[in-house]
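*Asks:* Below is one structure. I have some questions about it.
In C-alpha cells:
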C-alpha cells in the first residue's frame, strides 16, 4: 500500500466514523415530549417536539428493547402544546394506532417482558410517560383480537419486509459512500409520503438485481432505508432500462433545503440513484395510479402487493376500494364537524361480504376515530335502484357515527374516510368536501338531530353541547364600534337583521326618545345581514334628529348582543343601562319605564305586553332588563355562554336581588326560546334547569 | 258651478275652515299613471279649481327624479332610495321622512292629505300627525295596511278571496313571518291611522274592511274619486243600428288579478254557438303584465282564431273615452275585491253600463239592474249569462238611463275640504258617512 493509499484509507476510516456518529445520533437536549396514553384499542398517543427544528415533523419509533415495532410521524394538532409555546408550525401530536401494535403478538419470547417505549428516530431520546408503560406482553394482551382465519392484506408482508431491510441498512450507514459517476444506475424522479411512515419513490434504473434491498439515503446525513420496488416498461426510456415505483421504510423526509439526494444500495453501497433536480413531490393518489398503470407493462415485481400496502389499515391513500380485493362501495352523505371535538358522519358502505366495524376520518392533519358507543348501522333501501342484487347487503349498509378528534375548521383539506370491517380489512374513501359542514352556531347544533333523533339522550350529548357552545363563543367576534358617543346611562337595543323590524326599532326610538332623561344615550347593535347598510343609514338619520348621545356597534350576530355588552358598556361609558334584545319592541310606556330605570339602582325586569307562544308570562327575560354596568360585567365574566344568545333570563335572576318593573313595557314579534336540542344544551350549561 | 256649491264654499271660508292643503302622493303622474297618483293629482287640480291653495308633494325613486315633469309651481318631488324603504311596516328611511316633513312645513298648510302612505312611509304620516300643526287625512287606495299581499285581500298561494284580516290568517299566508310580526304590523298602522283627522276611502266596502280590522269608524269617511276631466257631450251616443253586434269592452291592465281568463273561457263557449258569436264582440284593451307564458300564448291564439274576440292593445288615459264610446258595455272580470275602480266612472262618463263581479268595491259602484249587471265573481258561465242578458236593446236602454252623474275633480275637492274641516263624529259605532253620495248629489 502506498502512502497515498494509506492516507486515503485513514481518511475513509475517519469519515466512516464521523458518518457513523452522525448516523447513530448524539444526545439531543432540545427534544421534548410525552407519552400520554397507551391503550390496546386506541393505541399509543402523545406529543413530541424538537426545539431546534420546531417546524419539522419528528419520526418516532415504537420500541421494545432495541427492536423497532412501528414508526409514525408527529402530525396531529395539539393546540395545548402549541399554546404553551412549544413547537412551531409542525403539529406535535402523534398516535400509534391500535392496528400498528399488531406485531407485538409476534415478538420473540425474550422481548415480551420488556416495556414498550417511544423513541425519537435517530436519537436515544425516549419520550417520558405519565404512567409506566406496559410490557409488550401486557399490551399485546389488550389488543383487539383480529380473526386469525382471515389472512391480512398481503401488503402487510411488504411492510414487514421493508422494516426488516431498514434495520439491515444500518450496517451500510457505517460504510464510506462515494458518488462515483460510474456507479450511478439511474434517477429518482418523484417522492410521496403519507402520515403513517410509508414513503414512496419513482424513477428509473439501467439495471436492477433485486426488487427488495437495504439502502442508504444521503441528504446531508445518512438515513437507513428498506426498499421494495416494481419495475415496468416506459416509452421514454431505452428498452434496456426499467421504470421503477416502490415503497421505502426510512426516517428521511425531504426538507425545504433538500438538494441532491443519493440512494446507495448493493452489498457495500456500491450503486446509487440520484434525484433529479428539482425532485418532484407528489401525492399517494398518483402513486396508486402509477402502480395501476404498471400492471400492463410489468417487467418485475408485484404491484398489487404495493397497492394493498397503500390501501392497508395504516395508509390514508384515497380511493382504495377498487384495490381492496373484495367488492365494496361507500360514500359519506353528510359530515358535520365540531371544531376541537370531532365529526358526526352519515353515509353508507355496501359489501356483500363485510360489515362495518369502525370508521375513521382524516381531515387535514387530524385523524378522528369513531366512538365505539356511537356507531349505528341501518338499512339503506334508497340505494336499491343502483344495486339491484344487493338487497341483503343494504340492510346494514347505512351508518351514523361520532368520530372524535381535534378537527379544526381551517384545516379540513383532502378528507378521507377509512372504513374498517369486522375482519380487520379496511378501505379508504375520499370524501366530497361539499358534504362537510362546521357546527359553530345554534342552528347547526339543531341540525345534529338528523344523525341521532334522540341526541339529547346519548351519553356524549353533554360533551357535544359544550364543544358547540365553546366554538360559538370562540368564533363570536366582539362588538365593533361604528360610532361612539359616551353617556352615563344608555338604553342598548339589539336590532333585527330584517329591514322591516330593524327600521321599526329606529323609527320607534326616534319617536319615543323624547321621553328619556336628557343625558340618556341610545346605543344600537346591528348584525352583518343584507340590510346592514340600510340600518346604518337609519341610525344616521336617527342620530341627527334625536339630539342625544347615540352609538352604533356591529356584531357578527346581534342575537348575541347580550354578550357584547361586556365590551359595549365601558366603551360608551355607561354606568347604568337598559337592554332590549332582538325582536323586542318597547311600547310608549316601556320607553318611559326604561328611562326611569336608568336613574334607579339594582336589577329590574320590566314586563311584556304580549302572549308569545313558548314564553312564560311574567318571567324575567335576558331580552328586557336594566342594571348597573359594574355588577353586570362582573357576573357576565363567569356566566355560561348560551347558544342563540338568550334563553329565559340567561341565569340573570340568580345573579342578584331583582324586582319586577312596569308590565306592558314591550312586545315581542317572535319567541326567543330556542329549539329543543339547543335548549337542552343551554340547560346543561345553566346547571340543568330549563330556564 | 251651481249656486248651492258656491254658497257652501263661501260658508266654509267664512267659518275659517281648511283653505291651504298639501297633498302627499306616493308617485308623480308624469312618471307613472296608477289610479292612486292620478286620483291624488285630480284632487290637487280640483282644489286649485275651487280656490284652495294646494301643494302636490310626490315621492319619486331617486333614479327617476330627473324625469319628473312639474306642471305647476306648487309641485315638489321628494326623492327616495327604494333600497332603504321597508315594505313590511311601510317605513321610509329617516332622511326621506325628514324631507317629507320639511316639504310640508315649508308650505305651511292647515291640512295634509296623505294620498297613500306607500313610498312616503307611514312614519312620515305619523310625524305630521304628531307635529299637530295641520289636520292630516289619510286616503286608502287598497287594503295595503291590512293585507301584506300587495293589499289585495287575496290569499297566498291559492288566490282565494280573503274575507277578513287577522294576524294568524296573515301568518298563514306568509309562513316566514310570525303572528307576532303581524300583530306588530297592525298595531303600528292603527297607531297612526287612528290618530288621523280622517281616513278617507273611495268606497264603503274598503272602509268597512278597515272598520272590521279595528279602525274607529268615526275616523272613516267615504269620498269617491273624481274624474280628472269630464268628457264633453257625455252620454250622447248614436242610436245602435239594428243587427249590429253588441260590443263588450274590457279596459285595464291584463294581469292575473284582473281575471281576463274569465273572458277567454266565456269566449270559448260563445265560439260553440254560431248565432251567439254573430251577435257579440269582445274587445280587450290594456297591456299584458305579469302573466304566465301559457296564458299569453293562449290569449294570442284565441285572438287569432276567434273572429268575435279582438285585442285592441294598450291605451292612454286620453284615449279611453273615445275607445269606450265604440263599445256598448264595459266588462270587469277582476277576481279580487277591487276598491273603487276608475274604469267604472270612466264607463259611466262615456255612457256605458258595466258588467262586473258581485263582490267588493265594484259591486258597490255598479248597481245591479240599474247601472249595470252583476255576475258571480270568478264564474265564467255566469259572466256569459250576464253578457247574453245584456245583449238586448230594451235592457241596454234601461241601464243607460240609470247611469249616475260623473264625479268631477271639483266635486271631489269640495268633499275633501268638508271632511278635513269637520270634526270627527264624537260617537263610535255608527256607519261611515257617505261623502260620495253627498258629492254626487
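Protein chains in written order, with our numbering: chain A, 1 to 691; chain B, 1001 to 1441. Don't be surprised by glycine CBs; every beta carbon is placed ideally from N, CA and C.
(1) Between 300(A), 380(A), 216(A), 468(A), which lies nearest to residue 233(A) when the distance is taken from Cα to Cα?
(2) Alpha carbon to alpha carbon, what distance is there between residue 1346(B) and residue 1043(B)?
(3) State the Cα-Cα distance for the pair residue 1227(B) and residue 1406(B), rounded to the nearest angstrom.
(4) Pull up the distance between the alpha-carbon of residue 44(A) and that of residue 394(A), whole angstroms please.
(5) Does the beta-carbon of residue 1217(B) have 16 or more other beta-carbons within 10 angstroms, so that it is buried, or is it exposed?
(6) In angstroms, rounded to a whole number, what distance separates the CA positions of residue 487(A) and residue 480(A)?
(7) Please identify the residue among 427(A), 86(A), 80(A) whose C-alpha is closest to the C-alpha of residue 358(A).
(8) Can you tell me whether residue 505(A) is helix, strand or coil according to DSSP?
(9) Does any CB atom of chain A fall closer than 8 Å to the CB of residue 1144(B)?
(10) Please list the partners that residue 493(A) has in chain B, where partner means a Cβ-to-Cβ separation under 9 Å.
(11) What's the gap between the Cα of residue 601(A) and the Cα of residue 608(A)?
(12) Since residue 1311(B) contacts residue 1249(B) with CB under 8 Å, what's their CB separation in whole angstroms?
(13) Let's test the definition: count the other Cβ atoms within 10 Å of the Cβ of residue 21(A) and tell me whether it reaches 16, buried, or not, exposed.
(14) Beta carbon of residue 1115(B), beta carbon of residue 1080(B): below 8 Å?
(15) Does any C-beta atom of chain A lie closer than 8 Å to the C-beta of residue 1353(B)?
(16) Return the bridge partner residues of residue 1161(B) from the DSSP annotation.
(17) Leaving out five residues before and five after residue 354(A) in sequence, what residues of the same chain have Cβ atoms less than 8 Å from its Cβ?
(18) Please report the straight-line C-alpha distance between residue 1313(B) and residue 1321(B), rounded to a whole angstrom.
(19) For residue 1103(B), decide whether its Cβ has a neighbour in chain A, counting only Cβ atoms nearer than 8 Å.
(20) Can you give me the C-alpha to C-alpha distance between residue 1415(B) and residue 1202(B), rounded to a whole angstrom?
(21) Tell me which same chain residues have a C-beta within less than 6 Å of the C-beta of residue 592(A), skipping the five on either side of it?
(22) Residues in the same chain with beta-carbon distance under 6 Å from residue 696(A), minus the five sequence neighbours each way, listed in chain order, please.
(23) Please name the residue in 101(A), 380(A), 489(A), 177(A) whose C-alpha comes closest to that of residue 224(A).
(24) Provide the residue span of the alpha helix (DSSP H) that contains residue 1396(B), from first to last.
(25) With a Cβ-Cβ cutoff of 8 Å, do residue 1333(B) and residue 1388(B) count as a contact?
(26) So residue 711(A) packs on residue 419(A), CB below 8 Å; how close in whole Å?
(27) Whole-angstrom Cβ separation of residue 1339(B) and residue 1190(B), contact assumed at under 8 Å?
(28) Is there a Cβ of chain B sitting closer than 8 Å to that of residue 485(A), yes or no?
(29) Taking its Cβ as the centre, do 16 or more other Cβ atoms sit within 10 Å of residue 150(A), making it buried, or is it exposed?
(30) Could you check whether the segment 1153-1163 of chain B touches the segment 1126-1134 of chain B, counting it as contact only if at least three pairs of C-beta atoms, one from each stretch, sit closer than 8 Å?
(31) Would you check if there are 3 or more beta carbon pairs closer than 8 Å linking the segment 213-223 of chain A to the segment 276-289 of chain A?
(32) How long is the line joining the alpha carbons of residue 375(A) and residue 140(A), rounded to whole angstroms?
(33) Using a Cβ cut-off of 8 Å (strictly closer), state whether residue 675(A) contacts chain B.
(34) Give, in chain order, every residue of the segment 508-520 of chain A whose Cβ lies closer than 8 Å to some Cβ of chain B.
(35) With burial defined as no fewer than 16 other Cβ atoms inside 10 Å of the residue's Cβ, what is the status of residue 85(A): buried or exposed?
(36) Determine the DSSP secondary structure at residue 1117(B), reduced to helix, strand or coil.
*Replies:* With the structure as the only source:
(1) Walking along the first chain from the start, residue 233(A) turns up at place 233. Distance from the Cα of residue 233(A) is smallest, within the candidate group 300(A), 380(A), 216(A), 468(A), for 300(A).
(2) The count along the second chain starts at 1 and reaches residue 1043(B) at position 43. The count along the second chain starts at 1 and reaches residue 1346(B) at position 346. If I take the Cα positions, the gap works out to 16 Å.
(3) What you label residue 1227(B) is simply residue 227 of the second chain in a count that begins at 1. What you label residue 1406(B) is simply residue 406 of the second chain in a count that begins at 1. When rounded, the distance between both Cα atoms is 7 Å.
(4) In the first chain, residue 44(A) corresponds to position 44, counting from 1. In the first chain, residue 394(A) corresponds to position 394, counting from 1. Taking the straight line joining both Cα atoms gives about 35 Å.
(5) Position 217 of the second chain, counted from the first residue, corresponds to residue 1217(B). A buried status is given to residue 1217(B), since no fewer than 16 other beta-carbon atoms sit within 10 Å of its beta-carbon.
(6) Counted from its first residue, the first chain places residue 487(A) at position 487. Counted from its first residue, the first chain places residue 480(A) at position 480. Cα to Cα, the separation comes out at about 18 Å.
(7) In the first chain, residue 358(A) corresponds to position 358, counting from 1. Nearest option by C-alpha distance: 427(A).
(8) Position 505 of the first chain holds residue 505(A). In this structure, residue 505(A) counts as helix in the three-state DSSP scheme.
(9) Numbered from 1 along the second chain, position 144 holds the residue referred to as residue 1144(B). No - not a single Cβ of chain A is within 8 Å of the one on residue 1144(B).
(10) In the first chain, the residue the question calls residue 493(A) occupies position 493. Near residue 493(A) there are no residues of chain B at all, since even the closest Cβ is about 15 Å away, more than 9 Å.
(11) As a working mapping, residue 601(A) is identified with position 601 in the first chain. As a working mapping, residue 608(A) is identified with position 608 in the first chain. Straight-line Cα distance between these residues: approximately 21 Å.
(12) Locating residue 1311(B) in the second chain gives position 311, counting from the first residue. Locating residue 1249(B) in the second chain gives position 249, counting from the first residue. About 12 Å separates the beta carbons of residue 1311(B) and residue 1249(B), which is beyond the 8 Å limit, so they are not a contact pair.
(13) Counted from its first residue, the first chain places residue 21(A) at position 21. Because residue 21(A) carries a pLDDT of 43, less than 50, the predicted location of this residue cannot be relied on, and the following value inherits that uncertainty. In the assembly as shown, residue 21(A) is an exposed residue. Its beta-carbon has fewer than 16 other beta-carbons within 10 Å.
(14) Here residue 1115(B) refers to the residue found at position 115 when the second chain is read from its first residue. Here residue 1080(B) refers to the residue found at position 80 when the second chain is read from its first residue. Not closer than 8 Å, so no.
(15) Sequence index remark: in the second chain, residue 1353(B) carries index 353 (1-based). By this cut-off, residue 1353(B) is not an interface position.
(16) Sequence index remark: in the second chain, residue 1161(B) carries index 161 (1-based). Looking at the DSSP output, residue 1161(B) bridges to 1154(B).
(17) Numbered from its first residue, the first chain carries residue 354(A) at position 354. The beta carbon of residue 354(A) sits closer than 8 Å to the beta carbons of 326, 328, 421, 422, 423, 425 from its chain, once the five residues preceding and following it are set aside; these are given in chain order.
(18) The count along the second chain starts at 1 and reaches residue 1313(B) at position 313. The count along the second chain starts at 1 and reaches residue 1321(B) at position 321. The alpha-carbon atoms of residue 1313(B) and residue 1321(B) are separated by roughly 15 Å.
(19) Here residue 1103(B) refers to the residue found at position 103 of the second chain. With 8 Å as the cut-off, residue 1103(B) does not count as an interface residue toward chain A.
(20) Within the second chain, numbered from 1, the residue matching residue 1415(B) stands at position 415. Within the second chain, numbered from 1, the residue matching residue 1202(B) stands at position 202. Rounded to whole angstroms, residue 1415(B) to residue 1202(B) spans 11 Å at the Cα level.
(21) In the first chain, residue 592(A) corresponds to position 592, counting from 1. Hits under 6 Å: 515.
(22) Not covered by the structure: residue 696(A). The range shown for chain A is 1 to 691.
(23) Position 224 of the first chain, counted from the first residue, corresponds to residue 224(A). Closest option to residue 224(A), Cα to Cα, is 177(A).
(24) As a working note, residue 1396(B) is residue 396 in the second chain. It spans 1393-1401 - the alpha helix (DSSP H) in which residue 1396(B) sits, taken as one unbroken run.
(25) For the purposes of this step, residue 1333(B) is taken as the residue at position 333 of the second chain. For the purposes of this step, residue 1388(B) is taken as the residue at position 388 of the second chain. No; because the gap between Cβ atoms is not below 8 Å, this pair is not in contact.
(26) The first residue shown for chain A is 1 and the last is 691, placing residue 711(A) beyond what the model contains.
(27) Position 339 of the second chain, counted from the first residue, corresponds to residue 1339(B). Position 190 of the second chain, counted from the first residue, corresponds to residue 1190(B). That belief does not hold up - the Cβ atoms of residue 1339(B) and residue 1190(B) are roughly 20 Å apart, past 8 Å.
(28) If you number the first chain from 1, residue 485(A) lands on position 485. No, because no Cβ of chain B sits closer than 8 Å to the Cβ of residue 485(A).
(29) The residue you call residue 150(A) lines up with position 150 of the first chain. Only weak support exists for where residue 150(A) lies, its pLDDT of 33 falling under 50; the value from the coordinates is given anyway. Exposed: under 16 other Cβ atoms inside 10 Å.
(30) The segment 1126-1134 of chain B and the segment 1153-1163 of chain B do not touch, with fewer than three beta-carbon pairs separated by less than 8 Å.
(31) Inter-segment contact for the segment 213-223 of chain A and the segment 276-289 of chain A is absent: fewer than three beta-carbon pairs are separated by less than 8 Å.
(32) On the first chain, position 375 is the one that residue 375(A) refers to. On the first chain, position 140 is the one that residue 140(A) refers to. The straight-line gap from Cα to Cα measures roughly 25 Å.
(33) Here residue 675(A) refers to the residue found at position 675 of the first chain. So, not an interface residue.
(34) Result list: 510, 511.
(35) As a working note, residue 85(A) is residue 85 in the first chain. Burial call: exposed.
(36) The sequence position of residue 1117(B) within the second chain is 117, counting from 1. Of the three classes helix, strand and coil, the one that applies to residue 1117(B) here is coil, per DSSP.
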